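Have a look at the structure below before the remarks.
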Amino acid sequence: MVLQSFSLSPAHIEQFDRSLLTNRDSLFFEDRIHAAPEPGDLYVEQALLQDSRELQAEQSISLEVQLLNCQAWENCNANPQVEFAIKGEEHRSLAGPLIVQIGADRINCDNQFCIVDMPLTNDAGEIVNYWVESLDGTVLIFKSFKMRNRIVDMNASLHYFEVIGDDFPYPIDVCANVWEIFPDESDLKLPWLRKAVSADDLNTDVDYALLAGKLIWYGYVDARACSDGGMLANGSASTCGIEMTREKLIEWQNKYNQQILESANQIDIPPRVVKGLVAQESQFWPDWKNGNEYGYGMISDLGMDMLLTWNTDFFLKLCMTYYPKSTCMGGYSSLPLDKQSFLRGVCLADAGTEEEFQIIANALKAGCYQTLRLVENITDELPENVFTYTDLWRINLGIYNTGAGCMGEAIECAWEEYDRAMTWEEFVQYIPAYCTNAATYFDKVTYYGSVTLDQ
Numbered sequence: 472m473v474l475q476s477f478s479l480s481p482a483h484i485e486q487f488d489r490s491l492l493t494n495r496d497s498l499f500f501e502d503r504i505h506a507a508p509e510p511g512d513l514y515v516e517q518a519l520l521q522d523s524r525e526l527q528a529e530q531s532i533s534l535e536v537q538l539l540n541c542q543a544w545e546n547c548n549a550n551p552q553v554e555f556a557i558k559g560e561e562h563r564s565l566a567g568p569l570i571v572q573i574g575a576d577r578i579n580c581d582n583q584f585c586i587v588d589m590p591l592t593n594d595a596g597e598i599v600n601y602w603v604e605s606l607d608g609t610v611l612i613f614k615s616f617k618m619r620n621r622i623v624d625m626n627a628s629l630h631y632f633e634v635i636g637d638d639f640p641y642p643i644d645v646c647a648n649v650w651e652i653f654p655d656e657s658d659l660k661l662p663w664l665r666k667a668v669s670a671d672d673l674n675t676d677v678d679y680a681l682l683a684g685k686l687i688w689y690g691y692v693d694a695r696a697c698s699d700g701g702m703l704a705n706g707s708a709s710t711c712g713i714e715m716t717r718e719k720l721i722e723w724q725n726k727y728n729q730q731i732l733e734s735a736n737q738i739d740i741p742p743r744v745v746k747g748l749v750a751q752e753s754q755f756w757p758d759w760k761n762g763n764e765y766g767y768g769m770i771s772d773l774g775m776d777m778l779l780t781w782n783t784d785f786f787l788k789l790c791m792t793y794y795p796k797s798t799c800m801g802g803y804s805s806l807p808l809d810k811q812s813f814l815r816g817v818c819l820a821d822a823g824t825e826e827e828f829q830i831i832a833n834a835l836k837a838g839c840y841q842t843l844r845l846v847e848n849i850t851d852e853l854p855e856n857v858f859t860y861t862d863l864w865r866i867n868l869g870i871y872n873t874g875a876g877c878m879g880e881a882i883e884c885a886w887e888e889y890d891r892a893m894t895w896e897e898f899v900q901y902i903p904a905y906c907t908n909a910a911t912y913f914d915k916v917t918y919y920g921s922v923t924l925d926q
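Okay, so the sequence shown: first residue is 472 according to my numbering, each after it adds one.
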């Protein structure tokens, strides 16, 4: 299909030089967007913060929580109940009291087990904290989740229960958990958030002119029957060239659907976002190189620095593949520069391979954390008090496309003007001139990721 709404050109051929962003990212608001999470920082994963006693307790005590009588994010004919328990006789003997706290209400669970009726909440929801103490009162394990319990039909006592927490399946994606934000019900119906059960659910049929040009140039398609050889001077396929390559175009843009689906689901990132990002950046051709950007997602050294800084799970797994655990536990920013450079190189080596899809999904997860940091540090507000779930995703993708400096500067300027929650239309006016691509990047990515064969 020929798209009318957006340019078919990927980011690397647009009139935009991302190399100009290097200094702006490194210098922008140094006191507000640290180059890396620091030891003791709220956003460093627990694995980097726990002392040996806490780590030992977590390994030896199993604290479990489950929703009993309802499905989260669905209507329920009863008030939702949640079970809290220390599982296993051996685990119980190692632990003391199990405590649940919801607002001002504190519940001491008898025999380290209890079933708690979730109270009704307002639209902001409520934080549920639960923890295990030792016999001397020391906290051994502390966990929490955020829930919202509302009655949607008084006559039928119909509840709608939403929950965000690491011990519950992600309702949409990992970013909602990071931002602790409840997406609107309308968000759940957006095309880019549609669940993809199989690789075929990601099938698209787009006339990518640059991809078609590559298929002709490298001999995958014979377009000699076209009067122009099927090619334009800029390397794109002509109208005739696109017609000649259409069958191969459809096959090529869908050949890695399974790898994209698995990579996205493993990280709990919407798979259509990953697919749309690859479409926008490279049109699924693996061998692009533009300056210091490479591969399907045009990944770069700066981008890998962001990935390793903000995605602690990914960093620890990669780091401990090559270095002792003691070297890695301080976080990426604590490593000597040569080790940082080596790990970035390992990531970049995946450019243009199937493994790059995992890099892209993990980079988007890293962007969730950096988005959180930007919004909270600049506004002193929770993300949900400033932006909607969708607009936080717009910022996340803006970070991927242009860097944190661009989006941070925009948040700073917009917040100075409004000092309140704002719409994207209000915010977008403050995106700097040097990175205006960020204003529409989300729309392009989600469009390409949502186009289906039957559209």
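Backbone N, C-alpha and C fix where the C-beta goes; we use that ideal spot for every residue, glycine too. Remember, it's a predicted structure, so these values are computed and weren't measured experimentally.
Would you mind sorting residue i into buried or exposed? The rule is 16 or more other CB atoms within 10 Å of its CB.
{"i": "residue 644", "result": "buried"}
{"i": "residue 783", "result": "buried"}
{"i": "residue 919", "result": "buried"}
{"i": "residue 898", "result": "buried"}
{"i": "residue 515", "result": "Below a pLDDT of 50, predicted positions are generally treated as unreliable, and residue 515, at 42, falls in that range; the measurement from the model is reported next regardless. Under this definition residue 515 is a buried residue."}
{"i": "residue 713", "result": "buried"}
{"i": "residue 752", "result": "buried"}
{"i": "residue 930", "result": "Nothing in the structure corresponds to residue 930, since the chain is present only between 472 and 926."}
{"i": "residue 821", "result": "buried"}
{"i": "residue 741", "result": "buried"}
{"i": "residue 625", "result": "exposed"}
{"i": "residue 788", "result": "exposed"}
{"i": "residue 760", "result": "exposed"}
Report the option in the options whose CA atom is closest to the CA atom of residue i.
{"i": "residue 581", "options": "590, 726, 557 and 802", "result": "557"}
{"i": "residue 721", "options": "676, 792, 715 and 733", "result": "676"}
{"i": "residue 612", "options": "533, 625 and 826", "result": "533"}
{"i": "residue 858", "options": "593, 741 and 894", "result": "894"}
{"i": "residue 585", "options": "577, 855 and 795", "result": "577"}
{"i": "residue 843", "options": "875, 828 and 917", "result": "875"}
{"i": "residue 770", "options": "711, 638, 545 and 827", "result": "827"}
{"i": "residue 812", "options": "825, 631, 793 and 547", "result": "793"}
{"i": "residue 654", "options": "921, 902, 855 and 900", "result": "855"}
{"i": "residue 571", "options": "591, 824 and 602", "result": "602"}
{"i": "residue 593", "options": "846, 632 and 605", "result": "632"}
{"i": "residue 863", "options": "802, 904, 889 and 909", "result": "909"}
{"i": "residue 718", "options": "679, 705, 735 and 750", "result": "679"}
{"i": "residue 905", "options": "641, 877 and 890", "result": "877"}
{"i": "residue 768", "options": "837, 795, 829 and 715", "result": "829"}
{"i": "residue 709", "options": "734, 754 and 682", "result": "682"}
What does a CB cutoff of less than 6 Å around residue i pick up in its chain, not counting 5 residues either side in sequence?
{"i": "residue 513", "result": "Because residue 513 sits at a pLDDT of 39, beneath the cut-off of 50, its placement in the model cannot be relied upon, and the following sentence gives the value as read from the coordinates. Closer than 6 Å at the Cβ level, and outside the excluded window around residue 513, lies no residue."}
{"i": "residue 636", "result": "616"}
{"i": "residue 914", "result": "none"}
{"i": "residue 638", "result": "536"}
DSSP puts residue i in a beta bridge; with which residues?
{"i": "residue 617", "result": "598 and 635"}
{"i": "residue 738", "result": "Beta-bridge pairing links residue 738 to no other residue."}
{"i": "residue 572", "result": "577 and 600"}
{"i": "residue 829", "result": "Bridge partners of residue 829: none, in fact."}
{"i": "residue 708", "result": "702"}
{"i": "residue 796", "result": "DSSP lists no partner for residue 796."}
{"i": "residue 584", "result": "556"}
{"i": "residue 658", "result": "Bridge partners of residue 658: none, in fact."}
{"i": "residue 765", "result": "760 and 770"}
{"i": "residue 535", "result": "556"}
{"i": "residue 622", "result": "630"}
{"i": "residue 646", "result": "Paired residues: none, contrary to the question."}
{"i": "residue 547", "result": "630"}
{"i": "residue 677", "result": "For residue 677, which the question treats as bridged, DSSP gives no partner whatsoever."}
{"i": "residue 612", "result": "603"}
For residue i, which residues from the same chain have a beta carbon less than 7 Å from its beta carbon, with the 5 sequence-adjacent residues on both sides left out?
{"i": "residue 833", "result": "738, 778, 782 and 785"}
{"i": "residue 685", "result": "756"}
{"i": "residue 849", "result": "503, 879, 882, 883 and 886"}
{"i": "residue 775", "result": "815, 818 and 819"}
{"i": "residue 574", "result": "597"}
{"i": "residue 528", "result": "With a pLDDT of only 48 at residue 528, under 50, the local geometry of the prediction cannot be trusted, and the value read off the model is given with reservation. Taken in chain order, the residues that qualify are 611 and 612."}
{"i": "residue 658", "result": "664, 860 and 861"}
{"i": "residue 732", "result": "667, 670, 673 and 742"}
{"i": "residue 868", "result": "912, 913 and 916"}
Is there a Cβ from chain B that is less than 8 Å from the Cβ of residue i?
{"i": "residue 644", "result": "Of the protein chains in this structure there is only one, and it is not chain B."}
Got a sec? Which residues, its chain only, sit under 8 Å from residue i by beta carbon, not counting five neighbours each side?
{"i": "residue 588", "result": "550, 551 and 552"}
Going by the C-beta, is residue i closer than 7 Å to any heavy atom of the ligand MN?
{"i": "residue 659", "result": "Ligands in the displayed structure: none, and consequently the ligand MN is not present."}
Please confirm if the segment 640 to 660 is in contact with the segment 686 to 697, defined as three or more CB-CB distances below 8 Å between the two stretches.
The segment 686 to 697 and the segment 640 to 660 do not touch, with fewer than three beta-carbon pairs separated by less than 8 Å.
On the three-pair Cβ rule with 8 Å, is the segment 717 to 735 touching the segment 746 to 753?
By the Cβ criterion, the segment 717 to 735 is in contact with the segment 746 to 753, since at least three pairs of Cβ atoms, one from each stretch, lie closer than 8 Å.
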